[in-house]
Every structure is written in C-alpha cells, then in structure tokens.
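Everything below concerns the one structure shown next.
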Amino acid sequence: MRLTDFWERMDAVFGPEYARSWAGDFSIASLGDRTVLQAIDGGVDTREIWDAVCGVVDVPSLLR
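Residue numbers for the sequence shown follow my numbering, so the first one is 186 and each next one is one higher.
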C-alpha cells in the first residue's frame, strides 16, 4: 500500500485533521507499542500498519 493510500484511508476513518493527531498519539501493541507515525518512521510497511489500525478501531469493511 502506498503511503498516500494509507493516509487517504486514515482520513476517511478519522477525518483529515484527527487522523494525524491519532496517528501520533495512540500506541498500538501489534506495532511494538509504537504509534502509527513512529512505525512509519521506523520503516514498517504501511499495509502492516493499516492492518494494525483495523485491529484496534472499527474500520468499515470497504476500507479494510
């Protein structure tokens, strides 16, 4: 998944302004207790990050 696709999905789920805030504040256990932004900076594949987000929030099936 391209990074731009990832952020489009995040914006669709959280809203364009809250998505960035959530990505920087919420730690996800399956990402090694890192935030989305830390995982991106650490080189984790965006598909893996998106799957982790889907595991902790209710994401519509169309966006999974």
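For glycine and all other residues, C-beta sits at the position ideal for the given N, C-alpha and C.
| query | result |
| --- | --- |
| Cβ neighbours of residue 238 in the same chain (closer than 6 angstroms, five flanking residues each side left out) | none |
| Exposed unless 16 or more other CB atoms sit within 10 angstroms - verdict on residue 187 | exposed |
| CB-CB length for residue 248 against residue 198, believed under 8 angstroms | 6 angstroms |
| For residue 187, the three-state DSSP class (helix, strand or coil) | coil |
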